[in-house]
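In mature numbering (1 follows the signal peptide of the UniProt record, and there is no 0), the protein residues as written are -25 to -1, 1 to 393. C-beta: ideal position from N, C-alpha, C; glycine also. To start, the structure under review is shown below, and the notes come after it.
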Ligand SMILES: *[C@@H]1O[C@H](CO)[C@@H](O)[C@H](O)[C@H]1NC(C)=O
Ligand SMILES: *[C@@H]1O[C@H](CO)[C@@H](O)[C@H](O)[C@H]1NC(C)=O
């Protein structure tokens, strides 16, 4: 990916400047607005086996988030509540894309079958959330957020809703950005009284060694800033602007994105069924804010896990410091924490994961999946045997289930990379 010259960067800038953007008001992947979007789309065909209910909650800054609760009818959630929180450019449906009957059954069904009271979270601006109390998609402020707000507002609002309804402590499974917002929130002492065990799949805190061109190329090129300057606040690979951005990255990085877009951006997934891609593509990716991607690009360049950098003056107003404050990973409670990471994952890559492991306090467990890339955690064939049996063993009591977790007993003595 290296070797971009200044000239090429200008080419991109001018390319973006002189592209005719369609006029405002395009609504490509908006919220359904339907009270039963995810349940009716993905679970209704299996209502004889599963119960699915739609919930919603409002964040302190006004976003209406959708949640869905899925229980097996034969084993209705007696293992307690479990919240699934998706990654960036995904929505909650990532956990239910595959039918319950197939070999490549989706995680939400595996967990419901095993007796968990499964809750699916949907971050602000994704398809199965419901917009905002005052703002619309056309407002700039609707897109004025990054994972700082997911950690400060969305995750606590979802967790407290589940806690209010169930009155129980909640197990948590996050994927990708769903791990990043959890690490940020837990490092600040949030949610500790209501969270039970936490499994982080493809964990991301640091991202300076990611080798997915969507972000690495963008970060190196400062494309994020160009894009921000040109004023697209919403980022979606499905809008004309987003498509163009992805094309530029592909062109400049000499990637054959037409042939294998999935591998170019998420790594060589061991267990991804490519013939299902046209189906997945109807639902994913979903939109996020450009600011969220800018934040990820900032982390890449700063080589830190810290809050959004507004520049010295505004940082000073917001944070009382000209630098953005770092999230202190040593404060994350680790007694009930599991990290699961893949050997071929360009987004939660081994160097950044190792740094995360070094900075967490001792006591957490981890599992290494040498053949996993980024999407295997959510859509792998046979994900029960490949992964979720182990995650459930961690929730239940691994001692009795014959599974070996690696244990981090001393944070700096651990070299535990396989
Ligand atoms: C939880 O319940 C309390 C008390 O009824 C309420 O004030 C709060 O808004 C609820 N929180 C959520 C996220 O539902
Ligand atoms: C892959 O998906 C196709 C289309 O849904 C399906 O027919 C096939 O059985 C799947 N293969 C595996 C190994 O699950």
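Taking the Cβ atoms as the reference, residue 101 lies roughly 4 angstroms from residue 66, within the contact range of under 8 angstroms.
Here residue 39 is bridged, per DSSP, to 33.
For residue 58, the closest C-alpha among the options 50, 64 and 46 is that of 46. Under the three-state reduction of DSSP, residue 350 is assigned to coil, being neither helix nor strand.
Assigned with DSSP and collapsed to three states, residue 369 falls in helix. By the criterion of at least three beta-carbon pairs nearer than 8 angstroms, the segment 172 to 181 is in contact with the segment 327 to 337. For residue 95, the uninterrupted beta strand (DSSP E) segment begins and ends at 92 to 96. Taking 7 angstroms as the cut-off, the C-beta of residue 79 counts as close to a heavy atom of ligand 2. The segment 150 to 159 makes no contact with the segment 222 to 231; the number of CB pairs closer than 8 angstroms stays below 3. Residue state for residue 45 is assigned as strand, using DSSP reduced to three classes. Around the Cβ of residue 98, a 10 Å sphere holds 16 or more other Cβ atoms; the residue is buried. By the neighbour-count definition (other C-beta atoms within 10 Å, threshold 16), residue 297 is an exposed residue. In the three-state reduction of the DSSP assignment, residue 320 falls in the coil class. For residue 335, the three-state secondary structure derived from DSSP is coil. Apart from sequence neighbours up to five positions away, the residues of its chain that approach residue 322 with a beta-carbon distance below 6 angstroms are 185, 187 and 349, ordered along the chain. Rounded to whole angstroms, the gap between the alpha carbons of residue 261 and residue 63 is 8 angstroms. The residue from 116, 318 and 61 with its alpha-carbon nearest to that of residue 242 is 318. Looking only at 146, 89 and 144, the smallest Cα-Cα distance to residue 364 is reached by 89. Annotation: the segment 221 to 256 contains the following complete segments of the alpha helix (DSSP H) (minimum length 4 residues), in chain order: 232 to 241.
By the neighbour-count criterion, in which 16 or more other beta carbons inside 10 Å mark a residue as buried, residue 210 falls on the buried side. The DSSP-derived three-state label of residue 310 is coil. Sequence-distant partners of residue 331 (beyond 5 residues in either direction) whose C-beta falls short of 7 angstroms from its own C-beta, in its chain, are 178, 180, 181 and 304. When secondary structure is reduced to three states using DSSP, residue 159 falls in the helix class.
With fewer than 16 neighbouring CB atoms inside 10 Å of its own CB, residue 109 falls in the exposed class.
Not one heavy atom of ligand 2 falls within 7 angstroms of the beta-carbon of residue 346. One thing to note: residue 13 has its Cβ no nearer than 8 angstroms to the Cβ of residue 96. Annotation for residue 248 indicates a beta carbon within 7 angstroms of some heavy atom of ligand 2. Comparing alpha-carbon positions, the option among 147, 161 and 200 lying closest to residue 174 turns out to be 147.
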